[in-house]
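Just so we're on the same page, my numbering is the position in the sequence shown counted from 1, plus 33.
The structure under discussion appears below in the form of structure tokens.
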Amino acid sequence: MAREDTRRLAPYGRLRALAQAAVRLGRAAAAVTAELARRVRRYAWPSTAGRRNRAYLRDRLVAVPLLAVVAFGAFGWAYAGVRGDSAYVRDRVAPALVDLADARASLLIAQGEAEQSLDEGRAAELGGLSERYRTRIARATQRLNQVTRGGALTLAEEQDLRVASALVVDYTAWIGRAQGHAADPVLRDAELTYARSMLCSAPAVAERADRYPECPPGTDSDATAIVDRVSGLEEQLRERLADRAAWGTGVIAAAVVSWLALVLLAAGLWRTVSFLRRRFRLRLSIPLTVASLPLLALPLLTADALLAQHAQHRALPVADALAERTSPKTESIVEERPFDGPDPGAIEVLESRIDDGLADGRLAFLDGAAPFVFPTGLACAALAGAALHGYRREYLVVTRQGAVS
34 MAREDTRRLA PYGRLRALAQ AAVRLGRAAA AVTAELARRV RRYAWPSTAG
84 RRNRAYLRDR LVAVPLLAVV AFGAFGWAYA GVRGDSAYVR DRVAPALVDL
134 ADARASLLIA QGEAEQSLDE GRAAELGGLS ERYRTRIARA TQRLNQVTRG
184 GALTLAEEQD LRVASALVVD YTAWIGRAQG HAADPVLRDA ELTYARSMLC
234 SAPAVAERAD RYPECPPGTD SDATAIVDRV SGLEEQLRER LADRAAWGTG
284 VIAAAVVSWL ALVLLAAGLW RTVSFLRRRF RLRLSIPLTV ASLPLLALPL
334 LTADALLAQH AQHRALPVAD ALAERTSPKT ESIVEERPFD GPDPGAIEVL
384 ESRIDDGLAD GRLAFLDGAA PFVFPTGLAC AALAGAALHG YRREYLVVTR
434 QGAVS
């Protein structure tokens, strides 16, 4: 009976032991945190009362360079990440989205022009297809090639785009066959239907009823048509844009660490200069003043990073409009009536919006400044450390009433 009670109480004993271990661990963590906080406060905001000059300067010699390295290192990493994302979106992702949208619309316009021209029968066989068809096919091919060379795609995505470009060549070959059989309605329609199946996985809703019938992209495993592949690439680029526009946890953590270190560094430099003025009668420490000057540029760099991040957020709805709201009908109307005013759904208008937004979303004169943030911090740390080391060696004793050596 006693053995059964012991077995029954054993789990509660283990729980009690775990609770006691957790309490001890919490106390130890609290003690370590308090000690770290005390040391940080000692190095960042030390008291000068009763402190020897050499001891105070020794603390400054450790704290100021270390804070400068941490502050400028974390800030430089976060700022370079935001600026790099902005440049990647502006120079690669946004042009690729515009090119893909234009290529998709151009191919659908070319299909409508081919069908309209081939409806003329023998006239199309002898005179050829319309000028707009040839222009749009060439334009679509050029746009796809620009995306391939633009550097916005991964290797797998580039391979998928090359397959789509090869399918465009096969598509034009089938349109050429349909032109060769323009006088035979059966062969012509069969070849046109096959060509359109290479372009769109969904069949036309109404044959010849609409000049540009709907071509919704497929999403399943059978979605292998040209528009399906182009739309898939657009979706991947929009997701990449959304990822770059979001504040990453690493950037947020680096920004918080950098600004905490910068506040401590500024306070420490101010206290050090005040200490030198009171104890050593130095009105101004030129090396420490020079080491403090880069701190004035950090608010400007922060504003630049915030502008760049905000511009990327504003580019998201424009990227969605490029992929979802553009249509061959709109592009055809803009081409036929260029003096009617800008259409908000036209690719050219959306391209101008996304380019202007990303270009205005930064301070242009700061281009190229990101790689120099951390080296500047190292230079400041070295300059401040050398100055404090020199003061520590030179001023062993301050000979004035009430001074402490």
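Glycine included, each C-beta is placed from N, C-alpha and C at the ideal position.
- For the stretch 284–363, the full-length alpha helix (DSSP H) segments reaching 4 residues or more read 319–325 and 331–357 along the chain.
- Within its own chain, the residues whose Cβ lies closer than 6 Å to the Cβ of V131, once the five positions on either side in sequence are excluded, are E384, listed in chain order.
- With respect to the 7 Å criterion, R358 and G378 are classified as neighbours on the basis of their beta carbons.
- For the pair A330 and D337, the Cα-to-Cα distance works out to about 11 Å.
- N178 has its alpha-carbon roughly 12 Å from the corresponding atom of V196.
- The Cβ-Cβ distance between L200 and I259 falls below 7 Å.
- Where G378 is concerned, there is no enclosing alpha helix (DSSP H), because DSSP gives it neither an H nor an E.
- For T174, the enclosing alpha helix (DSSP H) starts and ends at E164 to G183.
- R304 and G423 have their C-alpha atoms roughly 18 Å apart.
- Looking at the backbone, the Cα of A354 and that of L225 are separated by about 30 Å.
- The alpha carbon of Q342 has as its nearest neighbour, out of R262, R314 and W280, the alpha carbon of W280.
- Counting only residues of its own chain and dropping the five nearest sequence neighbours on each side, L340 has a CB closer than 6 Å to the CB of G394 and R395.
- For the 7 Å CB-CB criterion, L133 and E267 form a contact.
- The C-beta separation of L421 from V97 comes to about 7 Å, placing the pair in contact by the 8 Å criterion.
- In this model, I380 and F105 are separated by some 42 Å (Cα to Cα).
- Within 10 angstroms of the beta-carbon of A107 lie 16 or more other beta-carbons, which makes it buried.
- Listed in chain order, the non-local C-beta contacts of A288 below 7 Å within the same chain comprise A111, local neighbours out to five positions each way being set aside.
- Our two residues, Y166 and F398, have alpha carbons roughly 44 Å apart in a direct line.
- A residue is called buried when at least 16 other Cβ atoms come within 10 angstroms of its Cβ; L48 does not meet this threshold and is exposed.
- Judged by beta-carbon spacing, L391 lies within the 7 Å limit of A344, meaning their Cβ atoms are closer than that value.
- Taking the Cα of L297 as reference, the smallest distance to any Cα among V65, R93 and A55 is reached at R93.
- Contact check for A324 against R116 fails: the beta carbons are separated by 7 Å or more.
- Nearest Cα to L334 within the set G401, R172 and S365: G401.
- The Cβ-Cβ distance between I387 and A127 falls below 7 Å.
- Counted as a single uninterrupted DSSP element, the alpha helix (DSSP H) harbouring E146 occupies residues A127 to L151.
- Distances from the CA of T257 to each of V219, L315, S234 and A278 were compared; the closest alpha carbon is that of S234.
- By alpha-carbon distance to T187, the top candidate from R169, S264 and R273 is R273.
- Considering only L194, W292 and S307, the residue with the shortest C-alpha distance to L270 is L194.
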